[in-house]
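In the numbering used here, the protein residues as written are 846 to 1017. Ideal Cβ positions, reconstructed from N, Cα and C, are used throughout, including at glycine. All of these numbers come straight from a predicted model, not from anything done at the bench.
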């Protein structure tokens, strides 16, 4: 690193390097959290419930995403656009406070890449567990947005159907 001190031009080459390093830092911060969730899911048999706070995190995230009055509308809208696997995995990985306080660059990176992360690590089957299902399809407060009920009826059911067909085609 001492070679940079002799660099006399303060222009875009250093800025480009800094941007790439910051992007890698963001990716590593996100990856560390997501990998911990992957390990938890793979080590815990599906017939054993996840640690209590994990399933509760999913419920709290669902409430945050679909509540009518939120201070974080921008993040809330981006979260609403996630598919059910991404939303469930995100809820297992992060609590609402962490997402709420997360730098926007890190949040955007997470939202833009979580679906790809789930596909690359083949996590779909791990996300369909009775403890998660109970939370996602559980009762929520009456003040919750109708979009939550719509999500519960359509999006989550569609994900189950997709997982079911994936398992059938793998078996044949």
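May I have the straight-line CA-CA distance separating residue i from residue j, to the nearest angstrom?
i, j, result
"residue 952", "residue 882", "17 Å"
"residue 895", "residue 946", "25 Å"
"residue 858", "residue 929", "41 Å"
"residue 878", "residue 897", "18 Å"
"residue 920", "residue 866", "25 Å"
"residue 922", "residue 957", "13 Å"
"residue 875", "residue 869", "10 Å"
"residue 863", "residue 873", "15 Å"
"residue 925", "residue 889", "28 Å"
"residue 940", "residue 909", "10 Å"
"residue 905", "residue 927", "16 Å"
"residue 944", "residue 936", "10 Å"
"residue 861", "residue 948", "20 Å"
"residue 907", "residue 893", "22 Å"
"residue 916", "residue 885", "31 Å"
Which residue comes first and which comes last in the alpha helix (DSSP H) that contains residue i?
i, result
"residue 958", "949 to 965"
"residue 973", "No alpha helix (DSSP H) holds residue 973; DSSP gives it neither H nor E."
"residue 945", "941 to 946"
If you reduce the DSSP assignment to three classes, tell me which class residue i lands in.
i, result
"residue 894", "coil"
"residue 927", "coil"
"residue 1010", "In this prediction, residue 1010 has a pLDDT of 48, which is less than 50 and means its spatial position is unreliable; what the coordinates show is noted afterwards. Reduced to three states, the DSSP call for residue 1010 is helix."
"residue 902", "helix"
"residue 889", "coil"
Please go through the same chain and pick out, in chain order, the residues whose beta-carbon is closer than 7 Å to the beta-carbon of residue i, but skip the five residues on each side of it.
i, result
"residue 871", "950, 951 and 954"
"residue 977", "900, 903 and 933"
"residue 887", "971"
"residue 966", "883"
"residue 938", "878, 879 and 882"
For residue i, collect the residues of the same chain with a Cβ closer than 6 Å to its Cβ; drop the 5 residues on either side in sequence, then sort them by chain order.
i, result
"residue 974", "891"
"residue 963", "930 and 934"
Leaving out the 5 sequence neighbours to the left and right, which residues in its chain are closer than 8 Å to residue i when beta-carbon positions are compared?
i, result
"residue 959", "879, 927, 931, 934 and 935"
"residue 979", "900"
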